[in-house]
Amino acid sequence: MQLTGIHHLTAVTADAPGNHAFYTGTLGMRLVKKTVNQDDVSAYHLFYADGLASPGSDITFFDWPVGRERRGTHSISGTGLRVAGEASLVFWKERLAAAGVTHGDIVLRDGRATLDLEDPEGQRLSLIDDGGAGDAHAWAGSPVPAAHQIRGLGPITISVPDLGPTDAVLTALMNMRRERDYETPGNPGSRTYVYAMGPGGAAAELHVAVEPGKPVAAPGAGGVHHVAFRVPDGAYQDWAERLRRMRVPSSGPVDRYYFRSLYFREPNGILFEIATDGPGFAVDEPLEVLGERLALPPFLEPRRAEIEAGLTPL
C-alpha cells in the first residue's frame, strides 16, 4: 500500500475576498470550487488548483473570522508550489516584487531552486523548481503565462520538536521512505528530514523540520489546518482498515462528495488526511465553469438560501 503524493493542503484565511484576489490574480491559480466547510457552513471552503482541477494541485482555504496564527512547532509550517524551471522563478521574483508581495531571493534548498514568499496574511509559501516533471495543465484564464503557471503542490513542511514518534507514523503506518536531510532554513542547528511516498519527487514529499526550541504554534489566519495525501479510489477501504487494524484513532470514512477522506493526527497533533483522487470537482458542474457559482453537496442543497445569505460575496 502506497500513498501516491500530496492531495491538497487546507489553510485558514480571515479575508475571503482578499484571499480570492491574491490566489487567482497574483498567483494566477484557478478557483475550481467555491463551496462551504461541510462541518461549519458559515465558512467558505475555497479550492484553488490548475486548469483541470487535478488531484495534487489544490491549495484550499477555510474562511474563519480569527486572528493571525502564532508560528511555532507542532504545526504545518510551509507549503511548496511547483513551477517548471529557474526561468519561471526569475519571472515570479519580478512579478512578486511588482505586486509588493513579501518574498526572498532564489536559493538552492534540498537541491532545488526555491523562492519563498508570503501571502497578505502571512501564509508561508515556496515556489519550487520541479524540473518540469510530470504533466502540467495550464489554465487559459490565468493572468500568468502558461509556461510559468503553478503546476501543483510541492513538498509540504511540518515542524515537530521530536522526530522519533513522527518518523514511526510516517514509515510504519504510512509507508513513506526517509531519504535525506538538510539544514532547516532560518534555524541553524536544526535538520529537516525528507520523506518520500509512492513515486517520490517534489509532488510526493513531506519534509519534517525538527525544532525543539520553538514554542507551540497557535492556529489562526495565515496558518495551515491540515495536509492531505493521495490514494487511488480503489485503495480507500484498505487504508481505512489499516488505520483500524493499527489502532490509530481516526475519523473513520468521511464522504466529502468530491473525494472520500480519512482523518487522524500524528503524535505531535498535526492533522493528516488520506483522500481519494475521485470522483473529482466536475462531479456536480461542468469542468469549463468550475468555481463560478456556490457549489453545495446534495445533503446541503436544501439549505442553499440560508447558506448563501451568510456568506460574504467574493
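Numbering (my numbering), first residue to last: 45 to 358.
Yeah, the Cβ is synthetic: ideal placement off N, Cα and C, and Gly gets one too.
All values reported here derive from a predicted model rather than from experimental measurement.
Pairwise C-alpha distance: residue j and residue i
i	j	result
R309	D321	21 angstroms
A248	A279	17 angstroms
R235	N219	21 angstroms
P109	G267	13 angstroms
P323	S98	11 angstroms
I172	I150	9 angstroms
A128	E350	43 angstroms
S305	V298	5 angstroms
L71	D154	24 angstroms
I200	A240	11 angstroms
A284	Y307	10 angstroms
S86	E138	37 angstroms
A212	P311	9 angstroms
D277	A142	42 angstroms
A191	I103	20 angstroms
G144	L217	43 angstroms
Y226	G208	17 angstroms
R221	L250	10 angstroms
E345	D328	12 angstroms
V260	G354	33 angstroms
S121	R274	20 angstroms
Simplified DSSP assignment, three categories, for residue i
i	result
T146	coil
S234	coil
A326	helix
F343	coil
D59	coil
H192	helix
G348	Correcting the residue identity first, residue 348 is Arg in this sequence and not Gly. Reduced to three states, the DSSP call for R348 is helix.
T79	strand
D211	helix
E332	helix
T48	coil
G257	coil
L358	coil
L71	coil
A24	The displayed coordinates of the chain run from 45 to 358. Any statement about residue 24 would go beyond what the structure contains.
Spatially closest choice to residue i from the options, by CA coordinates
i	options	result
G313	N81, R274, P232 and P205	P205
A272	N231, F303, I318 and E223	I318
F105	A326, P357 and H270	H270
N63	A261, H89 and H52	H89
E165	F316, P61, H51 and E345	P61
T123	V275, A182 and A55	A55
H181	V333, S101 and H51	S101
K77	D83, Y67 and A93	A93
M73	L197, G175 and H51	L197
Q82	L140, L75 and D107	D107
A326	L315, L340 and E223	L340
A195	T210, G175 and I202	Reading off the sequence, residue 195 comes out as Arg, not Ala. The residue with the shortest Cα to Cα distance from R195 is G175.
V252	A246, A265, T228 and L315	T228
L331	V292, D84, D59 and G95	G95
Cβ-based neighbour list, residue i, same chain, cut-off 7 angstroms, excluding 5 preceding and 5 following
i	result
G242	Q46, L47, T48, G49 and A248
F66	D163 and P164
A157	E130, L133, I150 and D173
T146	L161 and E162
M290	L217
Cβ neighbours of residue i in the same chain (closer than 8 angstroms, five flanking residues each side left out)
i	result
G148	L159, D160 and L161
S335	It should be pointed out that residue 335 corresponds to Gly in this sequence rather than to Ser. Closer than 8 angstroms at the Cβ level, and outside the excluded window around G335, lie R74, L75, V76, K77, K78 and F91.
Same chain, Cβ closer than 6 angstroms to residue i, neighbours up to 5 away in sequence not counted
i	result
K258	G116 and T117
R337	none
H52	D102, T104 and A272
A262	R114
G296	none
S119	S203 and A261
T68	L75
Check: residue i C-beta below 8 angstroms from any heavy atom of the ligand ZN
i	result
G324	Absence of the ligand ZN is noted for the structure shown, with no ligands found whatsoever.
Practice item. Jot down the residue ranges of each uninterrupted beta strand (DSSP E) in the stretch 269 to 323, minimum 3 residues, whole runs only, in chain order. Key: 303 to 309 and 315 to 323
Check your understanding: Which whole runs of the alpha helix (DSSP H) in the stretch 94 to 161 are 4 residues long or more, in chain order?
Key -> 130 to 142
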